[in-house]
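Quick notes on the structure that follows.
Protein chains: 2
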Amino acid sequence: MNYSDRLADIQPFFVMEVLSRAKALEREGRDIIHLEIGEPDFPTPPLVVERATEFLRRGEVRYTPAAGLPELREAIAKYYLDRYGVRVASERIFVTPGASGAFLLAMGLLLNPGDKVLLADPGYPCYANFVRLYGGTPALVPVGAESRFHVNSEILAAHWDDRTKGAVIASPSNPTGTVLYPEELNALVDEIERRSGFLIADEIYHGLEYEKPSPTALTYSDRVFVVNSFSKYFGMTGWRLGWLVVPADSIDNAEKLAQNMFISAPAPSQYGALASFKEENLQELERRRRVFQDRRDYLCDQLRKIGFSLNTIPSGAFYVYAGCSRLTSNSLDFAMGLLEKTGVALTPGKDFGKNSPETHLRFSYAVTLARLADALSRIRRFVQG
Amino acid sequence: MNYSDRLADIQPFFVMEVLSRAKALEREGRDIIHLEIGEPDFPTPPLVVERATEFLRRGEVRYTPAAGLPELREAIAKYYLDRYGVRVASERIFVTPGASGAFLLAMGLLLNPGDKVLLADPGYPCYANFVRLYGGTPALVPVGAESRFHVNSEILAAHWDDRTKGAVIASPSNPTGTVLYPEELNALVDEIERRSGFLIADEIYHGLEYEKPSPTALTYSDRVFVVNSFSKYFGMTGWRLGWLVVPADSIDNAEKLAQNMFISAPAPSQYGALASFKEENLQELERRRRVFQDRRDYLCDQLRKIGFSLNTIPSGAFYVYAGCSRLTSNSLDFAMGLLEKTGVALTPGKDFGKNSPETHLRFSYAVTLARLADALSRIRRFVQG
Ligand SMILES: Cc1ncc(COP(=O)(O)O)c(C=O)c1O
Ligand SMILES: Cc1ncc(COP(=O)(O)O)c(C=O)c1O
Numbered sequence: 001m002n003y004s005d006r007l008a009d010i011q012p013f014f015v016m017e018v019l020s021r022a023k024a025l026e027r028e029g030r031d032i033i034h035l036e037i038g039e040p041d042f043p044t045p046p047l048v049v050e051r052a053t054e055f056l057r058r059g060e061v062r063y064t065p066a067a068g069l070p071e072l073r074e075a076i077a078k079y080y081l082d083r084y085g086v087r088v089a090s091e092r093i094f095v096t097p098g099a100s101g102a103f104l105l106a107m108g109l110l111l112n113p114g115d116k117v118l119l120a121d122p123g124y125p126c127y128a129n130f131v132r133l134y135g136g137t138p139a140l141v142p143v144g145a146e147s148r149f150h151v152n153s154e155i156l157a158a159h160w161d162d163r164t165k166g167a168v169i170a171s172p173s174n175p176t177g178t179v180l181y182p183e184e185l186n187a188l189v190d191e192i193e194r195r196s197g198f199l200i201a202d203e204i205y206h207g208l209e210y211e212k213p214s215p216t217a218l219t220y221s222d223r224v225f226v227v228n229s230f231s232k233y234f235g236m237t238g239w240r241l242g243w244l245v246v247p248a249d250s251i252d253n254a255e256k257l258a259q260n261m262f263i264s265a266p267a268p269s270q271y272g273a274l275a276s277f278k279e280e281n282l283q284e285l286e287r288r289r290r291v292f293q294d295r296r297d298y299l300c301d302q303l304r305k306i307g308f309s310l311n312t313i314p315s316g317a318f319y320v321y322a323g324c325s326r327l328t329s330n331s332l333d334f335a336m337g338l339l340e341k342t343g344v345a346l347t348p349g350k351d352f353g354k355n356s357p358e359t360h361l362r363f364s365y366a367v368t369l370a371r372l373a374d375a376l377s378r379i380r381r382f383v384q385g
Numbered sequence: 001m002n003y004s005d006r007l008a009d010i011q012p013f014f015v016m017e018v019l020s021r022a023k024a025l026e027r028e029g030r031d032i033i034h035l036e037i038g039e040p041d042f043p044t045p046p047l048v049v050e051r052a053t054e055f056l057r058r059g060e061v062r063y064t065p066a067a068g069l070p071e072l073r074e075a076i077a078k079y080y081l082d083r084y085g086v087r088v089a090s091e092r093i094f095v096t097p098g099a100s101g102a103f104l105l106a107m108g109l110l111l112n113p114g115d116k117v118l119l120a121d122p123g124y125p126c127y128a129n130f131v132r133l134y135g136g137t138p139a140l141v142p143v144g145a146e147s148r149f150h151v152n153s154e155i156l157a158a159h160w161d162d163r164t165k166g167a168v169i170a171s172p173s174n175p176t177g178t179v180l181y182p183e184e185l186n187a188l189v190d191e192i193e194r195r196s197g198f199l200i201a202d203e204i205y206h207g208l209e210y211e212k213p214s215p216t217a218l219t220y221s222d223r224v225f226v227v228n229s230f231s232k233y234f235g236m237t238g239w240r241l242g243w244l245v246v247p248a249d250s251i252d253n254a255e256k257l258a259q260n261m262f263i264s265a266p267a268p269s270q271y272g273a274l275a276s277f278k279e280e281n282l283q284e285l286e287r288r289r290r291v292f293q294d295r296r297d298y299l300c301d302q303l304r305k306i307g308f309s310l311n312t313i314p315s316g317a318f319y320v321y322a323g324c325s326r327l328t329s330n331s332l333d334f335a336m337g338l339l340e341k342t343g344v345a346l347t348p349g350k351d352f353g354k355n356s357p358e359t360h361l362r363f364s365y366a367v368t369l370a371r372l373a374d375a376l377s378r379i380r381r382f383v384q385g
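As you go down the protein sequences, you meet chains A and B in turn.
No gaps in the numbering here: position 380 of the first sequence is 380 in UniProt numbering, and each next residue is one more.
No gaps in the numbering here: position 283 of the second sequence is 283 in UniProt numbering, and each next residue is one more.
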């Protein structure tokens, strides 16, 4: 069989190796602490489960309109007004199978073969692969602590060339947890518009912020594409539900593509998600946010004491991207050795790009404080040999 | 904004116009009979709802492995053995967000820009758009009653050229409901293998067959890509769950792509689907199949009496693709007029390709016999002026 050329450029995730070894150890009876995980440890909020169950009981689980249930699109529009003070017409909101589906849709709308798309390195590895899927060229831009691991307007300007069509940004970022400040985001949006490029802003970790809540990119322009999801802040990973906000003149095209690619997002998830925006649920999410914040404070403090370097504040998401150059020059070996010896699973830097991955490790704090403390003392013992 | 060139080639579905006019009429209080629908009218089988609800009650709705829950993949493998007598290793089965997701995955694996893919015309319109999504070129092959609206091995050979990389077939077919016979399928599989091309066999309407059950393409080769879904026979459209069977040497590539594109299929749907293969559920599905069969017999008979032509037997799915040349030379106008005057909604031939669409209409029999009878007397009055 002749496979597509794009497959040669798509790497499997190293964390899968970690995970499969972790599972093998668990089968042998070892206690593994999972700090490699990319999803909240909280269960789906009860109101969401209840609403979905109610819907299922009727048994009428049909295709929904391709863009999503009108009432869910309206609830999301209202959320933009309530949370950010930004008016977004519900017609611009496309409900998708996760943020993953939103990226499939957005890049399908925007990319032609050969188009270059700027991406922060380190960054979420799927962005580059979505670009490759459509024959585009991911342009990885090395970013560091100086710019809080973000592509800001100056960095963007320095890397933009004739073939560049746009950029993807994520704030708070995976794997770094760092945020773009409002004025930086504003400047970035302006810079891209000046160049008539597109901006896809991944706001999936909005809500999980521990200094100040971020503004949405929609605050500064109604020409940006905004991706969001019920996975992280709303605690609904396995439900596979997200959304894409498109400019008004993209609605028809987005509709056409969504019909073909997805038919619709899962109906039980859409009904469940209707309960996400209830005051009682938002209060529960705020409690969870504070739990994450406590874990973050503790984890950052302890990691520094062990000898990891944290030159920026991870102000959001549930990740710390720690420098480990004082402890190892090969973070993948370090992660594998740590897992083998102590049962603590981490994600090696290699999964996030080519910018010094061998001296970085991602710690996820989607485990309880007690488990985090246990993990940290295991790591301390491992490091002290 | 500069949109992707591929959008220019993707047409919106005409049935959406029909549907939106039908909804407007319903808001005015008109009674609309929906024969344009592409999903079964039965509710999700109770055992599936029960199993999903049980899963939701625990609240632990996480990402699953990218290829799907191991127990679901094994249940599907067992289904191939029980139903078709074919052994398929569960590792070759990828659980996807609908057959739609299976096509996104399969074409992502197989297509390079410029590759030609043979498709039956009339056919399911999304196939061509999946091909375009990845920069491929859909080659529509006109087929008629002589080949039961299928691309058989002779037709394939006549249309294959240097740029052709493979073909998509669907039996039973949407919109025609016709099937490829086992020996035709076998010859087609052989012919494509001889040419080192790929075959994607869409078996989504398997199970909904009213003459003989079809063999799976996997009977004849383990090199074919087979798409299937819980949407139609299993009655789970809104759950968005399907699967793709890949050749053994494609497993790693499929895994890489699925991780990036979907992360995973919806977890509640996967747990629910586990109940699909229980004997009690399969018996319920058999009862439903027989109900479809009665409707088909009645519909075909009545349509002929009204003056539609049916030169083949629609032996599967829940569609009849009727010739209307004795009644109109513009099936879109006919459908719009029929809707306006009588409240019966149909899908015009235009949605299924360029092969005499103006003299064909698709009738779906996903409504009760009583409603079908009502629709047919309305159509009779309309036709008689
Ligand atoms: C930055 C980022 N974007 C998008 C996604 C995709 O999430 P989902 O498809 O579950 O919404 C993830 C998942 O980990 C992520 O970390
Ligand atoms: C022939 C055919 N293939 C694939 C699909 C996609 O179905 P799903 O994504 O719901 O599994 C459909 C839906 O109507 C269809 O008719």
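Glycine included, every Cβ here is placed at the ideal spot set by N, Cα and C.
The structure displayed is predicted, hence computed values, not measured ones.
- Not flagged as an interface residue toward chain B: glycine 242/A, since no C-beta distance is shorter than 7 angstroms.
- At a beta-carbon threshold of 8 angstroms, the residues of chain A lying near leucine 104/B are Leu104 and Met261, ordered along the chain.
- Going by C-alpha positions, glycine 235/A is about 10 angstroms away from glycine 59/B.
- Distance between glutamine 302/B and leucine 218/A, taken at the CA atoms: about 55 angstroms.
- Distance from the C-beta of asparagine 260/A to the nearest heavy atom of ligand 2 is not below 6 angstroms.
- A straight line joining the alpha-carbon of valine 141/B with that of alanine 375/B spans about 33 angstroms.
- Taking non-hydrogen atoms of ligand 2 into account, the C-beta of alanine 170/B is found less than 6 angstroms away from one of them.
- Proximity of isoleucine 93/B to chain A, defined by a Cβ-Cβ separation below 7 angstroms, is not satisfied.
- Scanning Gly316/B, Pro266/B, Met261/B and Tyr271/B for the CA closest to the CA of arginine 288/B turns up Gly316/B.
- Exclusion of alanine 267/A from the 6 angstroms shell around ligand 2 follows from its C-beta lying no nearer than that to any non-hydrogen atom of the ligand.
- Taken through DSSP and simplified to helix, strand or coil, phenylalanine 334/A comes out as helix.
- Tyrosine 233/A places its beta carbon 7 angstroms or farther from that of leucine 274/A.
- Taking 6 angstroms as the cut-off, one finds at least one heavy atom of ligand 1 near enough to the beta carbon of serine 100/A.
- Contact annotation for arginine 288/B against chain A: no contact, minimum CB-CB distance about 13 angstroms [criterion: below 8 angstroms].
- In the pairwise beta carbon analysis, the segment 36-54 of chain A is classified as touching the segment 278-286 of chain A: at least three pairs are separated by under 8 angstroms.
- A distance criterion of 6 angstroms places the beta-carbon of serine 4/B beyond contact range of ligand 1, judged by its closest non-hydrogen atom.
- Here the alpha carbons of aspartate 249/A and valine 88/A stand approximately 13 angstroms from one another.
- When DSSP states are grouped into helix, strand and coil, histidine 34/B belongs to the strand group.
- Contact annotation: arginine 380/B and isoleucine 306/B have beta-carbon atoms nearer than 7 angstroms.
- Annotation for leucine 376/A: no beta strand (DSSP E) segment contains it, though the alpha helix (DSSP H) segment containing it runs 369-383.
- For asparagine 228/A, the three-state secondary structure derived from DSSP is strand.
- Contact of glutamate 60/A with chain B by beta-carbon distance below 9 angstroms involves Pro43, Thr44 and Gly238.
- Using a Cβ-Cβ cut-off of 7 angstroms, valine 131/B is close to nothing in chain A; its nearest Cβ partner there is about 11 angstroms away.
- What asparagine 253/A touches in chain B, judged by beta-carbon distance under 9 angstroms, is Tyr3, Ser4, Leu7 and Ile10, going in chain order.
- Residues of chain A with a Cβ closer than 9 angstroms to the Cβ of glutamate 209/B do not exist, since the nearest Cβ in that chain sits about 23 angstroms away.
- Residue state for leucine 303/A is assigned as helix, using DSSP reduced to three classes.
- Buried is the label assigned to lysine 256/B, since at least 16 other Cβ atoms lie within 10 Å of its Cβ.
- Contacts between arginine 223/A and chain B, judged by CB atoms closer than 9 angstroms, involve Met1 in chain order.
- Proline 45/B sits in coil when the DSSP states are folded into three classes, being neither helix nor strand.
- Residue burial annotation: proline 314/B is buried, with at least 16 other C-beta atoms found within 10 angstroms of its C-beta.
- Secondary structure of arginine 296/A (DSSP, three-state): helix.
- Proximity of threonine 96/A to chain B, defined by a Cβ-Cβ separation below 7 angstroms, is not satisfied.
- Proximity of threonine 53/B to chain A, defined by a Cβ-Cβ separation below 7 angstroms, is satisfied.
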